[in-house]
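In this note's numbering, the protein residues as written are 98 to 212. All C-beta atoms, glycine included, are put in the ideal place defined by N, C-alpha and C. Written below as structure tokens is the structure these notes are about.
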């Protein structure tokens, strides 16, 4: 059974930082591209960052230079370090991966950035 469990969300002031974690089970973690998405109220879910099996990182333009994705293969965990957070980045942040034709999502973790 595949499980993705996010943690680390919370309330932070604008300009602050948070580190999200997504711990997985049921997948061959080192073989998977891992993604972080976010969904703000009333908006579509958007891709924030990805990390490939070979540790190649990709970022949405809006977060480049402020967010950093990383992973720990033995711990089967992917992280998202978020710095200089903005109020408009208030959203539920989700971990995501795809195994074959099946896409898996975590339950999400709320990030609220106050102005």
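Just verifying my parser: in three-state terms, what is the DSSP assignment at residue i?
| i | result |
| --- | --- |
| residue 149 | coil |
| residue 160 | helix |
| residue 127 | helix |
| residue 99 | coil |
| residue 195 | strand |
Excluding the 5 residues flanking residue i on each side, which residues of the same chain have their C-beta closer than 7 angstroms to its C-beta?
| i | result |
| --- | --- |
| residue 200 | 193 |
| residue 123 | 98, 99, 100 |
| residue 203 | 101, 102, 103, 119, 191, 192 |
Considering just the uninterrupted stretch of the beta strand (DSSP E) at residue i, what are its terminal residues?
| i | result |
| --- | --- |
| residue 116 | 115-122 |
| residue 187 | Looking at the DSSP string, residue 187 is not in any beta strand (DSSP E), and its letter there is neither H nor E. |
| residue 107 | 107-110 |
| residue 211 | 206-211 |
Does the beta-carbon distance from residue i to residue j come in below 8 angstroms?
| i | j | result |
| --- | --- | --- |
| residue 145 | residue 183 | no |
| residue 198 | residue 112 | no |
| residue 196 | residue 132 | no |
At least one CB of chain B closer than 8 angstroms to the CB of residue i: is that the case?
| i | result |
| --- | --- |
| residue 150 | In the displayed structure, chain B is absent; only one protein chain is listed. |
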